[in-house]
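Peer 1: Below you will find the structure I want to go over with you.
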Amino acid sequence: MTSGDSPNRGNTPVKAGILGWPVTHSRSPLIHEYWLKMHGIEGSYEKLPASVEGFEKVVRGLVDAGYAGANVTVPHKEAAFALADFADARATQLRAANLLVFKGDAIHAANTDGYGFLQSLGGGSDDRGYDKNWSTNPVAVLGAGGASRAIIGALVDAGVFELRISNRTLEKIDTLRFLCEGTPTNMLAVPWDDREAMLEGCGLLVNTTSLGMSGQPPLDISLDHLPDFAAVVDIVYAPLETPLLRAAALKGLRTVDGLGMLLHQAVPSFAAWFGVKPEVTLELRGLIVTDLEGKS
Ligand code: ATR
270 MTSGDSPNRG NTPVKAGILG WPVTHSRSPL IHEYWLKMHG IEGSYEKLPA
320 SVEGFEKVVR GLVDAGYAGA NVTVPHKEAA FALADFADAR ATQLRAANLL
370 VFKGDAIHAA NTDGYGFLQS LGGGSDDRGY DKNWSTNPVA VLGAGGASRA
420 IIGALVDAGV FELRISNRTL EKIDTLRFLC EGTPTNMLAV PWDDREAMLE
470 GCGLLVNTTS LGMSGQPPLD ISLDHLPDFA AVVDIVYAPL ETPLLRAAAL
520 KGLRTVDGLG MLLHQAVPSF AAWFGVKPEV TLELRGLIVT DLEGKS
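The opening position of the sequence shown corresponds to residue 270 in our numbering, with each subsequent residue numbered one higher.
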């Protein structure tokens with residue numbers, strides 16, 4: 270996007286923020302404030318707490334107050350999509366949005382989570398420069414919730430030919446099958462008890478469950494079946510090095526933490542509101558790491 274496409278309202282500082290409940294621990298303000306400063310843009314990005322019941326009212330209030338838009342996090346991603354007048358292909362497919370852009374009275378919805386995930390694999394801020402074996406071998410995914418949905422959509426787009434998905438509640442995997450329809454991707458539903466055996470021959474393992482997050486039980490899985498060339502991704506970023514990533518690193522496997530996805534999904538949002546495509550720099554990553562170390 271060029272600055273000519275920016276929804277900037279004349280010389281008025283552009284306002285945006287993150288809608289969630291709770292939203293206290295969101296790192297998104299740190300990310301966007303860093304870019305605003307870096308690009309010398311007069312604007313703001315704030316935490317916008319909104320309860321489930323109050324969500325629509327808060328969003329309409331932001332439109333009336335001249336906000337350029339907002340990011341959307343748990344538990345509002347589906348409600349944000351439902352509220353929008355227009356939606357991009359990805360949000361429409363997932364029926365969930367993490368980005369709202371207000372154009373006049375119209376609400377546009379987009380979903381940039383899958384983009385953020387793929388960008389984080391490609392290297393980005395903590396470029397580990399690993400090869401692309403992950404896309405030419407089966408990919409294993411743990412979890413079948415909202416985060417998994419966005420990631421599977423992205424992996425299907427990336428041309429993965431076989432997705433092995435394991436979830437505690439096996440039936441939930443069937444709700445993801447539509448993502449593969451009309452594509453060459455074959456999806457296998459794997460019982461939770463078989464999650465270790467499914468790693469055989471996989472080029473990539475992605476944890477999309479909340480297991481391993483601070484305050485949650487660890488993810489109980491042995492990585493013995495993963496080939497040497499595999500990479501392991503954990504979308505959890507608090508802590509940054511989850512027990513899963515530590516185990517993968519000890520085995521000499523390439524690891525990608527969840528911070529890359531968080532940083533990269535923010536790029537299209539900033540571009541849409543502020544008219545500049547920002548960069549995910551090592552300095553930005555360091556800033557968020559320091560904050561996570563201080564508070565998580
Ligand atoms: P998100 O939007 O972050 O993906 P979610 O939709 O609540 O959150 O999904 C959480 C995922 O973590 C699910 O796959 C869930 O498994 P179930 O579908 O069986 O609930 C998984 N998960 C959470 N706690 C778990 C646990 N103790 N053991 C195994 N899986 C767990």
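Note that CB positions come from ideal geometry on N, CA and C, so glycine has one too.
Treat the numbers as computed from the prediction; the structure is a model and nothing was measured.
Is L445 near ligand 1, with its Cβ less than 7 Å from a heavy atom?
Peer 2: The residue labelled residue 445 in the question sits at position 176 within the sequence shown. No, Cβ of L445 sits at least 7 Å from all heavy atoms of ligand 1.
Peer 1: With DSSP collapsed to three states, give me the class of E349.
Peer 2: Residue numbering aside, residue 349 sits at position 80 when the sequence shown is read from its first letter. Strictly speaking, residue 349 in this sequence is Ala, with Glu absent from that position. In the structure shown, A349 sits in a helix (DSSP, three-state: H, G or I).
Peer 1: Relative to ligand 1, what is the chain-ordered list of residues with a Cβ closer than 6 Å to any of its non-hydrogen atoms?
Peer 2: Cβ-based neighbours of ligand 1 within the cut-off: G412, A413, G414, G415, A416, S417, N436, R437, T438, K441, T477, T478, S479, L480, P486.
Peer 1: Might you give, ordered along the chain, the residues of its own chain that have their beta carbon closer than 6 Å to the beta carbon of A409, omitting 5 neighbours on each side?
Peer 2: Sequence index remark: in the sequence shown, residue 409 carries index 140 (1-based). Same-chain partners within the cutoff: R433, M467, L468, C471, L474.
Peer 1: Return helix, strand or coil for H301, following the three-state DSSP convention.
Peer 2: On the sequence shown, residue 301 is found 32 positions in, with the first residue counted as 1. Helix.
Peer 1: Per DSSP, what kind of secondary structure is K520 in: helix, strand or coil?
Peer 2: Walking along the sequence shown from the start, residue 520 turns up at place 251. DSSP, reduced to helix, strand and coil, places K520 outside both helices and strands of the structure shown, so it counts as coil.
Peer 1: Can you have a look at D493 and say buried or exposed, based on whether 16 or more other CB atoms are within 10 angstroms of its CB?
Peer 2: The sequence position of residue 493 within the sequence shown is 224, counting from 1. Label assigned to D493: exposed.
Peer 1: Let me make sure I understand the geometry here. Which of A507, L561, Q534, L457 has the alpha-carbon closest to that of G481?
Peer 2: Counting from 1 along the sequence shown, the entry for residue 481 is found at position 212. Out of A507, L561, Q534, L457, A507 has the C-alpha closest to the C-alpha of G481.
Peer 1: Could you give the uninterrupted runs of the beta strand (DSSP E) lying entirely in the stretch 417–479, keeping only those of 3 residues or more?
Peer 2: 431–436, 455–460, 473–476
Peer 1: Tell me which residue opens and which closes the beta strand (DSSP E) that D493 is part of.
Peer 2: Taking the first residue of the sequence shown as position 1, residue 493 is located at position 224. Careful: D493 lies outside any beta strand (DSSP E) and carries neither H nor E.
Peer 1: Evaluate the contact criterion for the stretch 339–350 versus the stretch 289–296: three or more CB pairs, one atom per stretch, below 8 Å.
Peer 2: yes
Peer 1: Which of the three DSSP states, helix, strand or coil, is assigned to K546?
Peer 2: Numbered from 1 along the sequence shown, position 277 holds the residue referred to as residue 546. Note: K546 maps to coil in three-state DSSP.
Peer 1: If I'm right that H301 touches A540 with Cβ under 8 Å, what's the distance once you round it to whole angstroms?
Peer 2: Taking the sequence shown and counting its residues from 1, one reaches residue 301 at position 32. Taking the sequence shown and counting its residues from 1, one reaches residue 540 at position 271. About 11 Å; that fails the 8 Å criterion.
Peer 1: Does I557 come out as helix, strand or coil in the three-state DSSP assignment?
Peer 2: Residue 557 sits at position 288 when you count from the first residue of the sequence shown. In the structure shown, I557 adopts helical secondary structure according to DSSP, grouped into three states.
Peer 1: Alpha carbon to alpha carbon, what distance is there between P460 and D426?
Peer 2: One-based indexing of the sequence shown puts residue 426 at position 157. One-based indexing of the sequence shown puts residue 460 at position 191. Each residue's alpha carbon lies about 25 Å from the other.
Peer 1: Can you name the start and end residues of the alpha helix (DSSP H) that G385 belongs to?
Peer 2: Within the sequence shown, the letter at position 116 stands for residue 385. Unbroken alpha helix (DSSP H) run through G385: 382–390.
Peer 1: Since D333 is in the alpha helix (DSSP H), which residue starts that stretch and which ends it?
Peer 2: Working through the sequence shown from its first residue, we reach residue 333 at position 64. That run of the alpha helix (DSSP H) goes 324–333.
Peer 1: With DSSP as the reference, please indicate the residues paired to Y314 in a beta bridge.
Peer 2: Your numbering for residue 314 matches position 45 in the sequence shown. According to DSSP, Y314 shares a beta bridge with A285.
Peer 1: Using a Cβ-Cβ cut-off of 7 Å (strictly less than) and excluding sequence neighbours within five positions of L424, which residues of its own chain qualify?
Peer 2: Position 155 of the sequence shown, counted from the first residue, corresponds to residue 424. The residues are V408, L432.
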